[in-house]
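Data first, discussion second: the structure below is written as structure tokens.
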Amino acid sequence: MAVYKHVWNWKAMADPIAHLLNEPEDDERDRLTLKWRHEIQSQLNVILVISALIASVVASSLTWPDFALPTGSLGTVLTIVKALWFSALLFSIVAIASAAQLAMGLSRIAAYSTDLKYTRRMLASLDPRDPARSTTELSYSKLWMWQIPAVLLNWSTCLYVLGLTILVYEEARSLLVQHVGGGAAAIS
1 MAVYKHVWNW KAMADPIAHL LNEPEDDERD RLTLKWRHEI QSQLNVILVI
51 SALIASVVAS SLTWPDFALP TGSLGTVLTI VKALWFSALL FSIVAIASAA
101 QLAMGLSRIA AYSTDLKYTR RMLASLDPRD PARSTTELSY SKLWMWQIPA
151 VLLNWSTCLY VLGLTILVYE EARSLLVQHV GGGAAAIS
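See below:
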């Protein structure tokens, strides 16, 4: 679990939630909950915009002329690049859908008069009203749910950059082989 906490920056996301769930003073707990909700809505809005931009970049890249008639060894590379880019496009679209769903959920919860309690209950692993527990535990599955749009956006960006890197490398290698001749074939 320690590796995942480091890789996905769990601590930065989990600590504020655990703090707001277990704050003893009602006013401070409400203030922390409002702050968390505002910050997560801002994060989801940024993810919505960036995912849409990544999706448009990927979609426009798929219309490049090189993709029309792939031939030879470049055809295999273009097939790999297309697969990476279609995956990036899919991840971007799913990131948009999941971020929009989470943002709408937060907006709907805000319509209730007890919205801050619902928000905290939504983040907790057990019913926070259980008197047998002295602290309320954070649900790591729910924490993962809040991270899904950011993770999908990151994967989408990585897949697009990987496909672009492969495409540029193969084009450069192909040009080098054409201009220098057979001696450069050892590069591949």
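Numbering (the UniProt record's numbering), first residue to last: 1 to 188. For glycine and all other residues, C-beta sits at the position ideal for the given N, C-alpha and C. The model shown is predicted, which means the values in this text are computed figures rather than measured ones.
Other residues of its chain near residue i: CB distance less than 7 Å, five sequence neighbours each side excluded
i	result
S61	W85
R37	L106 and T119
I166	V77, I80 and V81
P16	W36
R29	L20 and E23
A18	L138
Which residues DSSP lists as bridging residue i, in chain order
i	result
L138	A124
6 Å Cβ shell around residue i - same chain, five flanking residues per side excluded
i	result
T92	According to the sequence as given, residue 92 is Ser; it is not Thr. Hits under 6 Å: S51, I54, A55 and S156.
V77	E170
D115	I109
D44	Sequence check: residue 44 is Leu here, not Asp. A99, L102 and A103, listed in sequence order.
M122	none
Whole-Å CB distance - residue i paired with residue j, under 8 Å assumed
i	j	result
L176	S98	With 8 Å as the limit, L176 and S98 do not qualify as a contact, their Cβ atoms being about 42 Å apart.
L102	M13	Rounded, the Cβ-Cβ distance is 13 Å, inconsistent with contact.
I40	W146	7 Å
S139	A124	6 Å
L20	A59	At roughly 39 Å, the Cβ-Cβ gap does not stay under 8 Å, so L20 and A59 are not in contact.
Per-residue burial, residue i [other beta carbons within 10 Å of its own, 16 or more giving buried]
i	result
T119	buried
T33	buried
Y160	buried
V180	exposed
V81	buried
P149	buried
A83	exposed
A95	buried
A111	exposed
G163	buried
V168	exposed
Own chain, CB closer than 8 Å to residue i, minus 5 neighbours either side, in chain order
i	result
V57	Y160
Q178	none
Query raised in the report: Whole alpha helix (DSSP H) runs in the segment 36-114 with 4 or more residues, listed along the chain?
Result: As far as the segment 36-114 is concerned, its whole alpha helix (DSSP H) runs of at least 4 residues are 72-109.
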